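One structure below.
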Amino acid sequence: MILNVRDMGFAYNGSPVFQDVEFSVDPGELLAVLGPNGVGKTTLLKCINAIHAPRSGTVYVDQRDVSRLSPREIARDVGYVAQRSEAARFTVFDAVLMGRKPHVRWRVGEEDLRIVSAALKRLDLDRLRLRHIDTLSGGELQKVAVARALVQEPRLLLLDEPTSSLDLKNQISILRLVRRVVDEHDIAAVMTMHDLNTALRFAHKFLFLKQGRVFAAGHMHEVTADMVSEVYGLPVQLRIIDGHPVVLPCH
Amino acid sequence: MHFHDGEVPVDYRRYTGRKLIFIVGLLAGLLICLVASISLGAADISMVHVLKSLGGLDVAPRVEIIVRNIRLPQALAAVVAGAGLSMAGAVMQSILRNPLGSPFTLGISHAAAFGAALSVMVLGGGVITSGTGGGVNVTAPYITTASAFGFSLLAALIIVGVARSRGATPETMVLTGVALGALFTAGTMFLQFFADDVQLAAMVFWTFGDTARASWGELGSITLVTLACTVYFLFNGWNYNAIDAGDETARGLGVRVERLRMAGMLLASLLTASLIAFLGIIGFVGLVVPHMVRRIIGADHRYLLPACFFGGGLLLLISDTVARLLFSPHTLPVSVLTAFMGAPVFLFIILKGRRS
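Line order of the protein sequences matches chains A and B.
So that you can map any letter, position 243 of the first sequence is 249 in the working numbering, and since no number is skipped, the others follow by simple counting.
So that you can map any letter, position 180 of the second sequence is 166 in the working numbering, and since no number is skipped, the others follow by simple counting.
Below is the structure:
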């Protein structure tokens, strides 16, 4: 077990956002955190790497309590892909190199450059390495953000709506990439998602949040139409198409 | 993760190599211009004599005095002020994530000027003596600096506060800068209205940013502050890169964003305030230099900051030399020239930003 969240609660300006949240993620598992807008998915993600301090509960990454670690120590184990990343005048290579920051004290070493170079190749970004990221498309920029998180060499990868601003092809390509990285490198990953169908297709496990609590959690094949209807307040059907469950809203 | 099988691409090495060459080129240009600037002026001194004098070799006493006591301190003051203001501008542009950030556009310079004027008038910094060269000196520079610093800090805090509550969009920042600039200018005018003629002369004279007023002692102070802040900024170069990628991303990389932003604003204000307190307002250098440098070598602060340091020094040194020579025998304060140069660049940035 890489990530273990126990009894976590969070409040914003005194009013509780969620409470009693418990789940765990094993190596080689991708967990999708699902639920309606404003239920606290992003906040939950930020509590895991201590960007927000939870009001209660404990987060363990590799059995270490993250609230006792410095931001830098956390960043060595937890990679984070924010919902939005800004595009400044950096080359792709330098933008990804930034992911080595938690491991580097003062000067970038040869090893860091080699890791970045290998990651760019693996993510098919190599040909763009000297392009400035402010000239990239949304899909390419998102890949850079994922690459940056990967060169942190994390045990746990957090992705906040990794596909929200992407077209269909880029959505699939990013999620395939994430899934491949999780499988190949045996790391754990947690992503928040709006799109149920892509989540159903790529994640191993799900966690539905509803009204500040975990409504249901389990393996993807355990998702039912009733569950989805209940969480989103909308009648749906669940069909299997080409071996993948697909959610269809009913009229 | 198994990302250890990569090889560093040759073209990336070449790319970073070019940036290093650019920085070294700026340094070389700065040294050459320093000697040229000292040699140019009403009394003609050859560059060979300048080099001899600087190297401690035997030259005519007249040359020695002109080089050591008049032109060298002024040239060095221009270099230090240009370097410091450019660094302050580059850091502010990064931590506010705003292309229009600079001590001058954000009203911090005006706040410092008000603080200095207040100290001249009220706080006892205002024991004024007329200098031998017809200029007016502020004889308690440390009280003046402290007061200038206090007010520039106030302006910086207001800006950080506004940025936090309203977001640091270019519009918000520039409008805040306009408001603060107007407020502190009005305050300065108020003080000027009630000042006696000696105080008034000191205040007005003081708002012209002029490197000629730096003596060796003052030069030592501003150099110390500039170098100390520069070391801090350089040390945090990578952190500023992370902030450029977005606050959330930076936090995910282990950067303490709030702390870095506050410390950066405070030190950039301290740097600006100390330069302004000793030399007066020199506008636009802090805005223009980071933009020019960024266009050439990109936004990576590990290279951008040193390039701004040398580039800012070089630009202000050239401006200062031109200002001295343009209407010779009259010498123009360098701030007049930088404003003429900077305002069009400011417009250019706005137009370019609109198009993209």
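Idealized CB from N, CA, C, for every residue including glycine.
What you are looking at is a predicted structure, and each value in this text was computed from that prediction instead of being measured.
Runs of alpha helix (DSSP H) wholly within the segment 114 to 191 of chain A (minimum 4 residues, chain order): For the segment 114 to 191 of chain A, whole alpha helix (DSSP H) runs of length 4 or above, ordered along the chain, are 116 to 128, 144 to 156 and 174 to 191.
Selection from F100/B, I94/B, N84/B and V21/B that minimises the alpha carbon distance to L62/B: Locating residue 62/B in the second sequence gives position 76, where the first residue counts as 1. It is V21/B.
Cβ-Cβ separation, G15/A to G63/A (assumed contact under 8 Å), whole Å: Along the first sequence, read from residue 1 onward, the residue named residue 63/A stands at position 57. Along the first sequence, read from residue 1 onward, the residue named residue 15/A stands at position 9. Contact between G63/A and G15/A holds: their C-beta atoms lie close to 6 Å from each other, under 8 Å.
Sufficient close CB pairs (3 or more, under 8 Å) joining the segment 98 to 110 of chain A to the segment 149 to 160 of chain A: Result yes; three or more Cβ-Cβ pairs closer than 8 Å.
Cβ-based burial, Q177/A [other Cβ within 10 Å; buried from 16]: On the first sequence, position 171 is the one that residue 177/A refers to. When all chains shown are included, Q177/A counts as buried.
Chain B contact residues for L119/A, given Cβ-Cβ distances below 7 Å: Locating residue 119/A in the first sequence gives position 113, counting from the first residue. V(-6), listed in chain order.
Helix, strand or coil at L254/A [DSSP, three-state]: The count along the first sequence starts at 1 and reaches residue 254/A at position 248. Strand.
Cβ of E236/A within 7 Å of any chain B Cβ: Numbered from its first residue, the first sequence carries residue 236/A at position 230. It does not; no Cβ of chain B falls within 7 Å.
Proximity of A249/B and T130/B at Cβ, strictly below 7 Å: For the purposes of this step, residue 249/B is taken as residue 263 along the second sequence, with counting starting at 1. For the purposes of this step, residue 130/B is taken as residue 144 along the second sequence, with counting starting at 1. No, these two residues do not count as a Cβ contact at 7 Å.
Three-way DSSP call (helix, strand, coil) for I31/B in this model: In the second sequence, counting from the first residue as 1, residue 31/B sits at position 45. The DSSP-derived three-state label of I31/B is coil.
Positions along the segment 200 to 233 of chain B whose CB lies within less than 7 Å of some CB in chain A: Hits within the stretch, in order: W224, N227, A228, D230, A231 and G232.
Contact check, G298/B vs S72/B, beta carbons under 7 Å: Position 312 of the second sequence holds residue 298/B. Position 86 of the second sequence holds residue 72/B. Contact: yes.
Own chain partners of H35/B with C-beta closer than 6 Å, once the 5 adjacent residues on each side are dropped: The residue labelled residue 35/B in the question sits at position 49 within the second sequence. Only V45 and V49 meet the Cβ criterion.
Close Cβ partners of T118/B (< 6 Å) along its chain, the five nearest in sequence each way excluded: Translated into the one-based positions of the second sequence, residue 118/B becomes position 132. With a pLDDT of only 41 at T118/B, under 50, the local geometry of the prediction cannot be trusted, and no value is derived from it.
Which listed residue (V252/A, H227/A, D248/A and C256/A) has its alpha carbon closest to that of L240/A: If you number the first sequence from 1, residue 240/A lands on position 234. The shortest Cα separation from L240/A among V252/A, H227/A, D248/A and C256/A belongs to C256/A.
Whole beta strand (DSSP E) elements within the segment 40 to 102 of chain A, 3-residue minimum: You should have 62 to 67 and 84 to 87.
Interface partners of T97/A on chain B, CB under 9 Å: Locating residue 97/A in the first sequence gives position 91, where the first residue counts as 1. Result: Y(-2), Y1, G284 and D286.
Touching by the beta-carbon criterion (3+ pairs, under 8 Å), the segment 81 to 96 of chain B and the segment 166 to 177 of chain B: Touching, yes.
Short CB-CB distance (under 7 Å) between I57/A and chain B: On the first sequence, position 51 is the one that residue 57/A refers to. Judged by the 7 Å Cβ criterion, I57/A is in contact with chain B.
F296/B, buried or exposed, once every other Cβ within 10 Å from all chains shown has been counted against 16: As a working note, residue 296/B is residue 310 in the second sequence. That one is buried.
The segment 95 to 104 of chain A / the segment 250 to 260 of chain B touching (three or more Cβ pairs under 8 Å): No, the segment 95 to 104 of chain A is not in contact with the segment 250 to 260 of chain B.
Residue from G218/A, L126/A, I247/A and H58/A whose Cα sits closest to the Cα of R154/A: Along the first sequence, read from residue 1 onward, the residue named residue 154/A stands at position 148. Out of G218/A, L126/A, I247/A and H58/A, the CA that lies nearest to the CA of R154/A is found in L126/A.
7 Å Cβ cutoff met for F(-11)/B and I121/A: Here the question's residue -11/B lines up with position 3 in the second sequence. Here the question's residue 121/A lines up with position 115 in the first sequence. The Cβ atoms of F(-11)/B and I121/A lie closer than 7 Å to each other.
Under 7 Å from the C-beta of D100/A: neighbouring residues of chain B: For the purposes of this step, residue 100/A is identified with residue 94 of the first sequence, where counting begins at 1. In chain order: D286.
N225/B, DSSP secondary structure in three states: As a working note, residue 225/B is residue 239 in the second sequence. The three-state secondary structure of N225/B, taken from DSSP, is helix.
Backbone CA spacing between R150/B and E28/A [nearest angstrom]: Locating residue 150/B in the second sequence gives position 164, where the first residue counts as 1. Locating residue 28/A in the first sequence gives position 22, where the first residue counts as 1. Going by the C-alpha atoms only, they are around 33 Å apart.
Cβ pair G238/B, Y66/A closer than 7 Å: Walking along the second sequence from the start, residue 238/B turns up at place 252. Walking along the first sequence from the start, residue 66/A turns up at place 60. For G238/B and Y66/A, no; Cβs fall outside 7 Å.
Selected residue, minimal CA-CA separation from E35/A, among D189/A, V45/A and T49/A: As a first step, residue 35/A is located in the first sequence; it is residue number 29 there, counting from the start. If you compare the alpha carbons of D189/A, V45/A and T49/A with that of E35/A, the shortest gap goes to D189/A.
Interface residues of chain B facing Y18/A [CB-CB closer than 9 Å]: Here residue 18/A refers to the residue found at position 12 when the first sequence is read from its first residue. Residues of chain B passing the Cβ test: none, with the nearest at roughly 16 Å.
Between the CA atoms of D233/B and R152/B - distance to the nearest angstrom: The residue labelled residue 152/B in the question sits at position 166 within the second sequence. The residue labelled residue 233/B in the question sits at position 247 within the second sequence. Just so you know, the alpha carbons of R152/B and D233/B end up roughly 15 Å apart.
DSSP bridge partner residues for P22/A (one or two, in chain order): Translated into the one-based positions of the first sequence, residue 22/A becomes position 16. Per DSSP, A17/A.
Contact set between V157/A and chain B, taken where Cβ atoms lie within less than 7 Å: Start at 1 with the first residue of the first sequence, and residue 157/A comes out as number 151. Within chain B, the residues near V157/A are F(-11).
Bounding residues of the alpha helix (DSSP H) (the contiguous stretch that carries K5/B): In the second sequence, counting from the first residue as 1, residue 5/B sits at position 19. Counting along the chain, K5/B sits inside the alpha helix (DSSP H) bounded by residues V(-4) to S25.
Chain A contact for G250/B (CB, 7 Å cutoff): Counting from one through the second sequence, the residue named residue 250/B turns up at place 264. With 7 Å as the cut-off, G250/B does not count as an interface residue toward chain A.
Cβ pair count under 8 Å reaching 3, the segment 221 to 229 of chain B against the segment 136 to 145 of chain A: Touching, no, given that fewer than three Cβ pairs across the two stretches are closer than 8 Å.
Where A124/A meets chain B, residues with beta-carbon distance less than 9 Å: By one-based count along the first sequence, residue 124/A stands at place 118. Within chain B, the residues near A124/A are H(-12), F(-11), H(-10), D(-9), G(-8) and E(-7).
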